[in-house]
Each structure stands twice: as C-alpha cells, then as structure tokens.
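Numbering (the UniProt record's numbering), first residue to last: 1 to 573. Below: one structure, written as structure tokens.
Here is the structure:
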C-alpha cells in the first residue's frame, strides 16, 4: 500500500481533466471496486471543436506479463484472408460509418446548482444490427444534443442516446429518420485478432471533413486502463494512428469489426487502442437482455503475488501449487461472505492462477491464447451480473471449491458522474455534497496535490461499509451573519447531525428537516462542531439562496426522493 501511494503521488502531477483521481482500479492493484489515482497519459480521442484538443489524459497500468507473438499456421492463414478482403471491407465500412456531432454540457461540482459552458465535440460511429449506431461513451458523455451524418451526405440527423456504458466507453445511438437508414449496412463483429494481423481504422479524425482510413497491425492484447471510465478492461494496441475524432469508429479486419477505436498513447507516435469484440458483446448483450447497461463484474478483492518461497511455505502451498494471496475484501461483495483474508486463490472457473503479479495488478496471469497470458480479472469482467463463478482456494492447508455470485461493485467515492447532475443540500449557507472524484477534479490538472489531502486519501483508501453509503463533506460556506466564523470548516467531512451518524446526503437532509430541537448540531471531522438556531437558520437559508441566485436548496434527486416518500405516505393513509 505504501509503495502504491508513493507511485500515485509521483504520477498524479501529470494527470489532466480525464486523469484526475479517475483512476485505474487498484490499491495493490484493486478490483474495479477499488480505485486509484491517475497515471499519465493515454488520451481518448473525441475531437473538441471549441477547445481544439483531446478530451483528457491518463496513463495505462503496466501489464503483469509480456504477451508473445504467435507465428503459427493459423496466423498465416488469417493474414492471407485479411489481405484479400481488406478493400471490400473498407468499401463496406463506407456504408456504415457515420460522423457524430455532440453538444456537451457538464456540471460544475464546486457550484453544483449550475452547469459549465456547453462545448461541441465530434467523433465517429458505425451501424450494427438492429438499426443501432455504436460509438464511444466519451463522445456523448454529458450530452444535450446529438447529430449524425452519413458518408457522402451533407444532411445531419437527430440521434437519441439509448444506452451508455462509461466503464467500457461504449454507447448506442438510435435515429428515427427513415431517410437516414436508406443505403446503410450494419457491420458484423468478428474475433480478437492475432498479433501482427492487419486492421483498418475508419473514422472522421481532425484535419479534414471526409472519412479517413488508416491501416496498422496488432501489437499487443492485454487489460488496459480505459481513460474515460477509469476501468481496467481488455484492449488491443495497434500501430495505426488514432487521432481526435476517430473515437467510435470501427477497426476492420477482413470483412468484420475487430474493435472500436477509443484512445491513444500521449507522447507516443502511432500507438492507438481499440475496444475488442468480447467487451463490445458484453455491453450489447446486457443492453439487449436487460434493456439497459448492466456493468462489468468484480470480485472486490485486493491480492498479493506468492512468488516468495517463504511466503508460499508459510501458507502451506505445495511446490506445484500456484495462486495469489487475498489481502483485502470489499464488504459489499459476495466474496466477503465466501472468501477470507489469507486465502490463496488457486483457480477461477477451472483456469489456474499463476504466482506472478505486481503491486499494480492484484490478479496474476492466466493462459490466454497460444503462448500468451493475461491477467485473470479479464475472466471476472466477462461474467454477466449475478452469474456464478467457481473459485478454488487453499485455506489453512486444505483446498476448497467455493461458489461466488459476481456483481458490479461501486466504490465509496464515485469515480465518474457522467450524464447526471451533482447532489447538494444547502442549509444556512452551508453547502453539503457527497465526495466524488469529479469534485476533486475541479481543483485542476494537478488535483492530487492541490485538492485537500485527506479527501484524496479517503477517495483512494476507504471502502463502503453499507449499501448507499456516501462521504458527505461541507463543500463551502456561503457567507452570512448566521454562519460567520464557520467559513474555515469547509472541506471537512460531516459525521453526525444532532448526534446521529449520517449514511449519505439524503440522510443528512432528512435529519436536518426533521429536527425537533431548538438548535441543530453538525459534528465534523477533527472534532469540529457547527451549531445553529434551527428556526433562525431556516429563515437565513431563503435569504442566502436569493442573494446567490440559487434556485433551490436541494438538488433534483433529493427533491424527487422527498416527493416519492410523501406520495407513499399519502397512499398508506
């Protein structure tokens, strides 16, 4: 943990808007339930028309094991097929690839009752079966308006966002216009390409208005940090240029899609990344089966490699045994009820787990393809929510086979908050908000050093102890006679209201509004206390809201929750 934090502090200074605490999962490296600070620079590639730059940067995590090239007969056979079908594939793509125009309007987390100025971005997308368009989530994140345009046509058509998966950086658009669909052909999804196989990336990068086709070869297949969603999923590295505006375009191999272009490596030349077909299918399957994005599963573990002989002997591992040591378990995961600290995970769904690993990868390598290896969290992430997994563990010298139900897990401090307004509650000029990583990002590109240190540490270290738990902080104090002297208490966590520990912002709001005593007391960290006359504070709240032109003392989600509760009470009466 100590070395992880040292690495985090060293790398955080080079993060930017999308680097933030928006992290690659990890605390020795943690499963997606645990998040870590930023790592410089891979950038997503939607084109920002107003700012003239890519949407953000962050660094990918190192791989746990090198992936070898596969120069076998299967590789050579597939290479020949690719060469023959490449021209036809590009022609097919011209009738499928579209240019996406988005107007984005992101919230201001320091002033959560208002938005920032809108900005325009453009990206790419392509038609898939079912009259749908697949693109990147970062192309339409925080969207207020989306248009698409076909190749060779001047007309733009209104598009609606039907599903978004920010963790996998994918989104599905729908266009109602029948005219748009005339002549459009869906592309089929293929397989994961082998190393050195050729792919053609089709899209609308900056530098021109017409469609662009670039060609490259596959150089690496491994779990990679997805900048936009701060998640760790499989990705394909290619040596084709993926520039701003390419995001969402298909990478064609033969006559099928090998992946979706989504980010590049900042500071490197011609190193791009595409989202592979297994991740795409996982996203689409969840949307088709459940009607919405279902997320990617996590075991909720932090583990340690077992390469040291003395460590292996201490836990009773035989010479032929391989696995990783469980060091931390998320209390909200199903694994918390099944696994124990100091268990040795030997296999996952029958796939043996190796001893190797680093402080950034909790999961050791497993066999992938011919002489290639990949971290086993890929096996976990490809499971559908509520699906069972069989885990074989060594516990107290005995082997056990255990069933674990896998689910997506949310961190205590949310990593991103796209497509939703921030929550806030104002009482007597005290602005209360739940701590989120986007809130910390408002402190600038060097947020890790400029934002409050204790808040960063909590965002990195702390795990939820119960469902719907939030860390509520006093974001700022809107000055007034009633709160004079409390302005220095901003950016502290709120622990109690009138002696009752709070679970989340909604709970704090309920405790304040149901106060039946003459004064209301807020206990903050560092043993700080705020006390106010309740009736005087209520009057002051209206005055302060009017002075600062704030439309409501509560965010929309708190108002909706309150109205829903009142409706339920009325129906019961």
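From the three backbone atoms N, C-alpha and C, an ideal C-beta is built for every residue, glycine too.
Between the options, which has its C-alpha nearest residue i's C-alpha?
{"i": "residue 517", "options": "425, 533, 273", "result": "533"}
{"i": "residue 188", "options": "280, 419, 503", "result": "280"}
{"i": "residue 294", "options": "181, 92, 283", "result": "283"}
{"i": "residue 542", "options": "506, 482, 505, 502", "result": "482"}
{"i": "residue 555", "options": "215, 427, 527", "result": "427"}
{"i": "residue 190", "options": "239, 277, 157", "result": "277"}
{"i": "residue 491", "options": "563, 200, 433, 259", "result": "433"}
{"i": "residue 551", "options": "425, 137, 124", "result": "425"}
{"i": "residue 347", "options": "385, 404, 238, 372", "result": "404"}
{"i": "residue 373", "options": "143, 383, 352, 385", "result": "352"}
{"i": "residue 168", "options": "549, 175, 235, 562", "result": "235"}
{"i": "residue 292", "options": "161, 100, 101, 431", "result": "161"}
{"i": "residue 407", "options": "445, 109, 332", "result": "332"}
{"i": "residue 221", "options": "376, 445, 238, 470", "result": "238"}
{"i": "residue 102", "options": "214, 538, 118, 379", "result": "118"}
{"i": "residue 583", "options": "509, 523, 536", "result": "No information on residue 583 is available, as it lies outside the stretch 1 to 573 that the chain covers here."}
{"i": "residue 344", "options": "287, 383, 381, 393", "result": "393"}
{"i": "residue 540", "options": "249, 446, 484, 416", "result": "484"}
{"i": "residue 229", "options": "417, 177, 470", "result": "417"}
{"i": "residue 151", "options": "192, 493, 480, 249", "result": "249"}
DSSP beta-bridge partners for residue i?
{"i": "residue 389", "result": "404"}
{"i": "residue 222", "result": "235"}
{"i": "residue 473", "result": "433, 493"}
{"i": "residue 398", "result": "395"}
{"i": "residue 523", "result": "496, 529"}
{"i": "residue 305", "result": "324"}
{"i": "residue 427", "result": "430"}
{"i": "residue 556", "result": "For residue 556, which the question treats as bridged, DSSP gives no partner whatsoever."}
{"i": "residue 115", "result": "107"}
{"i": "residue 189", "result": "257"}
Would you report the Cα separation of residue i and residue j, rounded to the nearest angstrom?
{"i": "residue 497", "j": "residue 165", "result": "36 Å"}
{"i": "residue 451", "j": "residue 113", "result": "21 Å"}
{"i": "residue 340", "j": "residue 507", "result": "32 Å"}
{"i": "residue 455", "j": "residue 319", "result": "44 Å"}
{"i": "residue 231", "j": "residue 225", "result": "6 Å"}
{"i": "residue 321", "j": "residue 241", "result": "43 Å"}
{"i": "residue 255", "j": "residue 185", "result": "12 Å"}
{"i": "residue 78", "j": "residue 197", "result": "Only weak support is given to the placement of residue 78: the predicted model assigns it a pLDDT of 49, under 50, and the value that follows is read from those uncertain coordinates. Each residue's alpha carbon lies about 8 Å from the other."}
{"i": "residue 338", "j": "residue 395", "result": "12 Å"}
{"i": "residue 389", "j": "residue 311", "result": "27 Å"}
{"i": "residue 557", "j": "residue 431", "result": "16 Å"}
{"i": "residue 275", "j": "residue 247", "result": "10 Å"}
{"i": "residue 377", "j": "residue 155", "result": "44 Å"}
{"i": "residue 449", "j": "residue 138", "result": "26 Å"}
{"i": "residue 285", "j": "residue 453", "result": "41 Å"}
{"i": "residue 561", "j": "residue 92", "result": "49 Å"}
{"i": "residue 520", "j": "residue 529", "result": "10 Å"}
{"i": "residue 511", "j": "residue 443", "result": "30 Å"}
{"i": "residue 131", "j": "residue 194", "result": "30 Å"}
{"i": "residue 26", "j": "residue 301", "result": "Only weak support exists for where residue 26 lies, its pLDDT of 29 falling under 50; the coordinates are left without a value."}
{"i": "residue 545", "j": "residue 464", "result": "33 Å"}
{"i": "residue 18", "j": "residue 440", "result": "Any answer about residue 18 is weak, because its pLDDT of 35 lies below 50 and its placement is not dependable; what the coordinates show is given next. About 12 Å."}
{"i": "residue 158", "j": "residue 107", "result": "23 Å"}
{"i": "residue 304", "j": "residue 163", "result": "36 Å"}
{"i": "residue 200", "j": "residue 216", "result": "6 Å"}
{"i": "residue 183", "j": "residue 438", "result": "42 Å"}
{"i": "residue 315", "j": "residue 308", "result": "11 Å"}
{"i": "residue 350", "j": "residue 400", "result": "13 Å"}
{"i": "residue 553", "j": "residue 136", "result": "35 Å"}
{"i": "residue 218", "j": "residue 244", "result": "20 Å"}
{"i": "residue 382", "j": "residue 296", "result": "7 Å"}
{"i": "residue 468", "j": "residue 504", "result": "7 Å"}
{"i": "residue 600", "j": "residue 121", "result": "Absent from the model: residue 600. The displayed extent of the chain is 1 to 573, so no value can be given."}
{"i": "residue 398", "j": "residue 313", "result": "14 Å"}
Please list the terminal residues of the continuous beta strand (DSSP E) segment that includes residue i.
{"i": "residue 274", "result": "272-276"}
{"i": "residue 339", "result": "Residue 339 -> no beta strand (DSSP E), and no H or E assigned at all."}
{"i": "residue 322", "result": "That residue, residue 322, is in no beta strand (DSSP E); it is neither H nor E in DSSP."}
{"i": "residue 164", "result": "160-165"}
{"i": "residue 143", "result": "143-150"}
{"i": "residue 459", "result": "Counting along the chain, residue 459 falls outside any beta strand (DSSP E), though it belongs to the alpha helix (DSSP H) covering 453-461."}
By the DSSP assignment, the alpha helix (DSSP H) with residue i in it spans what residues?
{"i": "residue 448", "result": "447-450"}
{"i": "residue 510", "result": "505-513"}
{"i": "residue 546", "result": "534-547"}
{"i": "residue 381", "result": "377-381"}
{"i": "residue 211", "result": "Per DSSP, residue 211 belongs to no alpha helix (DSSP H) and is neither H nor E."}
Cβ contact (3+ pairs, closer than 8 Å) linking the stretch 320-333 and the stretch 254-270: no
Does the stretch 123-132 touch the stretch 92-101, meaning 3 or more C-beta pairs lie closer than 8 Å? yes
Assess, as a yes-or-no matter, whether the stretch 199-208 is touched by the stretch 134-147 under the definition of 3 or more beta carbon pairs within less than 8 Å. no
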